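Undergrad: Have a look at this one before I ask anything.
Numbering (the working numbering), first residue to last: 316 to 818.
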């Protein structure tokens, strides 16, 4: 293709040169005819689904990734390993009349290790491994996606035969692009045809096949997938790959720190506690950024301070270069001091650090490190979170008599939590339907929840106004405090730390 384009360019330039010399006027009709033929040839070629110009499906080797290299996902690994054992014990499963699993669906947020699980699966079974993305199957021309699906399964069988193996694993990332609910795309049926072909190929996977194929799909939007794809016999096993808990984060940190020189004072348990809500990809980035920070300081080993600094960098970005005025810095200190005080009031010992050093788009930040990581949230918990979010703006109001635009993000999150209270049946409305609830009634109920939270937050901060000012002064001077330093300051100011209801 590149050679043809180069030839056309050189030829055109040469003909233009002849034209200016007065030799090429008689050739213009011929040139016009050639141009029309090239255009139609190019158009017909694009419509051919078997045209070799189409980007081929991505084939990747699984590398040396094994399940031992994947931390924090023990339940998911156990589920996947059990499904993979069918590929190794074909005689046993036939004797028991077991139908081998045809598909495993990995569902979870980005960065939790879904792709790593697929690569580990390929090495566990010694199977041929092909990897691709759902977006590579979608084209504007009808039949192209279905043709690529057929080609993918054909190439999987061929790859297994060439490697002398009796099984192959196909991994499709972003499965929601390929397997979305049918009928959503009314402009053309290319999406539906592609999904239909995938369903046909999965139905064709049987125990008598010479090459056994296992399809592993990954998505973070399982709600978008077609029901026919999710039924038993296609994706038989749905594996939830969630964000790791504290123990899982510690395991992941240890894995990523294996090839990094750490000082003796490094405590990965502390880092695991302070990285609440981080995925495996975030944790890998923390260790990598810590190594970069150590290199900047020309250190030969990574210290605890580098890891702590890396947490903030991964969450918020690099420190901003713009300078903040004295008045603005003081207001940010008041704002963050309000968040920190309310955080310790609602949930003692839960603040990991508080800073007013600008990072990314944030002028300040309070990092929470809850003692217990819960999956279920009560009304008191949700209202406590709203109290913490509103505390920054209310602290500004108590000191300055007004609020600033710095609380906009806090207000947006507060509204989301208040709506969650309503939709979860935890408000005075009781159990409601999200789709049929009148907007006016929703607005009034959410406003009442926020009003109550504002009153309780203002009461707590107003009773500790001296502590608020003192903490803001220290923050203005030092710019960052650890959770332990914060609690020491609050203890000196006799701050009323309690876990009683705040609303």
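Don't be surprised by glycine CBs; every beta carbon is placed ideally from N, CA and C. Predicted, not measured: the structure shown is a model, and the values here were computed from it.
Quick one: what does DSSP say residue 470 is sitting in, helix, strand or coil?
TA: In the three-state DSSP reduction, residue 470 falls in the helix class (H, G or I).
Undergrad: Which residues in the same chain have their Cβ closer than 8 Å to the Cβ of residue 372, if we skip the five residues on either side of it in sequence?
TA: Model confidence at residue 372 stands at a pLDDT of 42, short of 50, so the residue's coordinates are unreliable; what they give is reported in the following sentence. Taken in chain order, the residues that qualify are 445, 447, 451, 463, 466, 467 and 470.
Undergrad: For the alpha helix (DSSP H) that residue 628 lies in, which residues bound it at each end?
TA: 619–631
Undergrad: For the region 752–802, which segments carrying the alpha helix (DSSP H) assignment without a break, of at least 4 residues, lie completely within its bounds, in sequence order?
TA: For the region 752–802, whole alpha helix (DSSP H) runs of length 4 or above, ordered along the chain, are 754–777 and 780–793.
Undergrad: Give the straight-line distance between the Cα atoms of residue 665 and residue 682, rounded to the nearest whole angstrom.
TA: 9 Å
Undergrad: With contact counted as at least three CB pairs below 8 Å, one residue from each stretch, are the region 780–790 and the region 647–658 in contact?
TA: yes
Undergrad: Go ahead and pull the three-state DSSP assignment for residue 404.
TA: DSSP places residue 404 in coil when its eight states are reduced to three.
Undergrad: Give a yes or no on whether the C-beta atoms belonging to residue 571 and residue 602 are separated by under 8 Å.
TA: yes
Undergrad: In the structure shown, what three-state DSSP assignment does residue 698 receive?
TA: DSSP places residue 698 in helix when its eight states are reduced to three.
Undergrad: Take residue 476 as the anchor and find which of 617, 528, 745 and 510 has the nearest alpha-carbon.
TA: 528
Undergrad: On the DSSP bridge assignment, give the partners of residue 488 in chain order.
TA: 448
Undergrad: Please identify the residue among 760, 751, 412 and 783 whose C-alpha is closest to the C-alpha of residue 658.
TA: 783
Undergrad: Determine, using beta carbons only, whether residue 757 and residue 737 come nearer to each other than 8 Å.
TA: yes
Undergrad: Tell me which residues share the same chain as residue 562 and place their Cβ nearer than 7 Å to its Cβ, disregarding the 5 neighbours each side in the sequence.
TA: none
Undergrad: Evaluate residue 691 with the Cβ neighbour count: other Cβ atoms within 10 Å of its Cβ, from every protein chain shown; 16 or more gives buried, anything less gives exposed.
TA: Sixteen is the threshold: since fewer than 16 other Cβ atoms of the shown chains lie within 10 Å of the Cβ of residue 691, the residue is exposed.
Undergrad: Determine the DSSP secondary structure at residue 634, reduced to helix, strand or coil.
TA: strand
Undergrad: Where DSSP assigns a beta bridge to residue 527, which residues make up the other side?
TA: 482
Undergrad: Are the C-beta atoms of residue 394 and some chain D residue less than 8 Å apart?
TA: The displayed structure is made up of one protein chain only, and chain D is not part of it.
Undergrad: I need the straight-line Cα distance from residue 622 to residue 604, nearest angstrom please.
TA: 8 Å
Undergrad: Just to confirm, are residue 543 and residue 490 a CB contact at a threshold of 8 Å?
TA: no
Undergrad: Indicate the three-state DSSP secondary structure (helix, strand or coil) for residue 534 in the structure shown.
TA: strand
Undergrad: Taking C-alpha atoms, which residue in 539, 778, 480 and 697 lies nearest to residue 526?
TA: 480
Undergrad: Note down the Cα distance separating residue 761 from residue 414, rounded to an integer number of angstroms.
TA: 52 Å
Undergrad: Going by C-alpha to C-alpha distance, which of 439, 769 and 744 sits closest to residue 698?
TA: 769
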